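Here is the structure we will look at.
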Amino acid sequence: MSRPDILCIGAVLWDIIGRSSSHMKLGADVPGRITRLPGGVAMNIAMTLAHFGLKPAVLTAIGQDPAGDELAERAEELGVSTAHAYRSADLPTDIYMACEGANGLIAAIADAHSLEAAGEKILAPLSDGRLATAERPWDGPVALDGNLTESLLSRIAASPLMAEADLRVAPASPGKAQRLMALVGHPSACLYVNLEEAGLLCQCDFASAAEAAEALRGIGVARALVTHGGSEAAEASPGGLTRLRPPEVLVTRVTGAGDTFMAAHIASERAGMAPEAAFARALRAAATYVSGENPH
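Following full-length UniProt numbering, the numbering of the sequence shown begins with 1 at its first residue and continues without gaps.
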């Protein structure tokens, strides 16, 4: 089995997304389309990385139920390896449900209880020799998602198994952003957050992505990329602050946009692009995604 180019650790589940072209309010009942697709932050990132020509593998929990078998098969078809996933006979395959209108995301529920229950079992390939060992830790990129519990993220941050890894971190949702505090202070952790998530981490309201990115650096984040919808985005790193505005597009979907941005940025840097060029390419990929087209 060939070595993966990158490990994506976190949620791999079924996305059930209802979309309508109508503006929606609480209690709205409107026509639209409902889709069922492989999803979860780790899976979304992995799929986009595969689109960019990389070989990702997911470390996650997938049930041995029919939904899990179908999900694993579909992932492999999309270029995402599930060979190292923890397949539980006792835990069902996780699921995410969202409702989107012309005015954006209306509501969503993430049922990632199996991933949380599996805990450190999903990391076994990093210590048992399948991918790495304590003596030979994984030294490539790792995409972490905030669906992992805060205690597991804390253990990952302190683990010698991740001492040489290039950690890229996504919060999963504003409701889980606080979990990423476990990665603050890690020497290689790069956080990808939106303006709201940055505010939750810093316990402050920000007027711009640039202000938020610099504040994240101020609390100990090694590198931060902050997006703000169609407004200016910013990257703060030891090399300074970069501000870029994403392309203007008609928004037709929002679920998965942040994951697409993160994956495109990782792929661009892996391809050797300069920091600002990689940042710009990632913003273009996310804009293309929300417009309804494929990001690659």
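Even glycine gets a Cβ: it sits at the ideal position worked out from N, Cα and C.
Quick caveat: nothing in here was measured; it's all calculated off a predicted structure.
Check: Cβ separation of Thr93 and Gly68, assumed to be a contact under 8 Å, to the nearest whole Å; Outcome: 4 Å
Check: Any C-beta of chain D under 9 Å from that of Gly39; Outcome: The structure shown contains no chain D; it is built from a single protein chain.
Check: Cβ separation of Thr227 and Phe261, assumed to be a contact under 8 Å, to the nearest whole Å; Outcome: 6 Å
Check: CB contact flag (residue 326, His186, <9 Å); Outcome: Summary: the structure shown does not reach residue 326, with the chain confined to residues 1 through 296, and so no result is reported for it.
Check: Cβ-based burial, Pro4 [other Cβ within 10 Å; buried from 16]; Outcome: buried
Check: Nearest neighbour of Asp29, chosen from Cys8, Cys99, Ala277 [CA to CA]; Outcome: Cys99
Check: Simplified DSSP state of Val169, which is helix, strand or coil; Outcome: strand
Check: Run of the beta strand (DSSP E) containing Val226, from where it starts to where it stops; Outcome: 223 to 228
Check: Beta-carbon contacts of Ala234 that lie in its chain and below 6 Å, excluding the five residues immediately before and after; Outcome: Ala209, Ala210, Ala213, Val226, Arg243
Check: CA-to-CA distance, Val142 to Gly240, given in whole angstroms; Outcome: 23 Å
Check: Buried versus exposed, by CB contacts within 10 Å (16 or more), Leu26; Outcome: exposed
Check: Helix, strand or coil at Gly258 according to DSSP, with G and I counted as helix; Outcome: helix
Check: Inter-stretch contact at 8 Å, needing at least 3 Cβ pairs: the segment 110 to 129 / the segment 74 to 88; Outcome: yes
Check: Whether Ile9 touches Ala42 by CB criterion (9 Å); Outcome: yes
Check: Nonlocal neighbours in the same chain, by C-beta distance under 8 Å from Val254, ignoring five residues either side; Outcome: Glu100, Gly104, Leu105, Val290
Check: Alpha carbon of Gly229 to alpha carbon of Ala286, nearest angstrom; Outcome: 10 Å
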